[in-house]
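Here's the structure, in structure tokens; my notes come after.
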Amino acid sequence: MNLSFKEPKIRLGNRTYSQSELQEYRKANTKRYNKEVRYNTQNSKYTKFYHSTQWRKLRKQVLLRDNYLCQQCLADGVVNDKDLIVHHKVELKRDWSKRLDMENLETVCFSCHNKIHENI
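Add 4 to a position in the sequence shown, counting from 1, and you land on the number used in our numbering.
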């Protein structure tokens, strides 16, 4: 009888990854995001905002309001408190004036955040 160990799989969106594949995917995704978005000189206004005390305080308020739960998962009947992001429903680039509007913010998990941005 062959009792070889199989690495557990992780589902992210509609794909399944091994732990090592997921780590590589996230590393590559972070590198791409940093290059194209975070450290792009055209985005310096947004980067500065996301590092501001004002944003950090508001982000904390949204997490508290949403009980540190992904609101998208919750709408599907799933309780998820892992890998949370505070998401702008209307992106900053589309309407800068809504950047501090709590009605424009929701707590989502990494997976749901990726799904949202795949559909934009």
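Glycine is no exception: its CB is placed at the ideal position from the N, C-alpha and C atoms.
Candidates the options: which alpha carbon is nearest residue i's?
| i | options | result |
| --- | --- | --- |
| Lys-10 | Tyr-21, Tyr-43, Lys-86 | Tyr-21 |
| Ser-24 | Thr-111, Asn-18, Lys-13, Asn-33 | Lys-13 |
| His-121 | Asp-99, Thr-34, Glu-95 | Glu-95 |
| Tyr-72 | Ala-79, Asp-80, Lys-61, Asn-84 | Asn-84 |
| Gln-75 | Lys-52, Glu-28, Ser-115, Asp-99 | Ser-115 |
| Met-106 | Thr-51, Asn-118, Lys-61 | Lys-61 |
| Tyr-54 | Arg-69, Trp-100, Asn-118, Asn-123 | Trp-100 |
Below 7 Å CB to CB, which residues in the same chain sit around residue i once its five sequence neighbours on both sides are set aside?
| i | result |
| --- | --- |
| Asn-47 | Val-41 |
| Val-90 | Arg-63, Val-66, Leu-67, Leu-109, Thr-111 |
| Lys-86 | Cys-113 |
| Lys-49 | none |
| Leu-16 | Leu-26, Ser-115 |
Say the cut is 6 Å; is the CB of residue i nearer than that to a heavy atom of the ligand HEM?
| i | result |
| --- | --- |
| Ile-89 | In the structure shown, the ligand HEM is absent, as is every other ligand, since no ligand is present at all. |
DSSP has residue i in a bridge; who is on the other side?
| i | result |
| --- | --- |
| Lys-13 | Ser-22 |
| Ile-89 | Val-112 |
Skipping 5 residues on each side, what residues in its chain have a beta carbon closer than 8 Å to that of residue i?
| i | result |
| --- | --- |
| Gln-58 | Leu-104 |
| Tyr-37 | none |
Give every residue of the same chain whose Cβ lies closer than 6 Å to the Cβ of residue i, excluding the five residues on either side of it in the sequence, and list them in chain order.
| i | result |
| --- | --- |
| Lys-93 | Asn-108 |
| Asn-18 | none |
Next item on the list: Could you pull out every unbroken beta strand (DSSP E) segment of at least 3 residues lying fully inside the region 28-107, listed in chain order?
Entry: Along the region 28-107, the beta strand (DSSP E) occurs as fully enclosed runs of 3 or more residues at 88-92, listed in sequence order.
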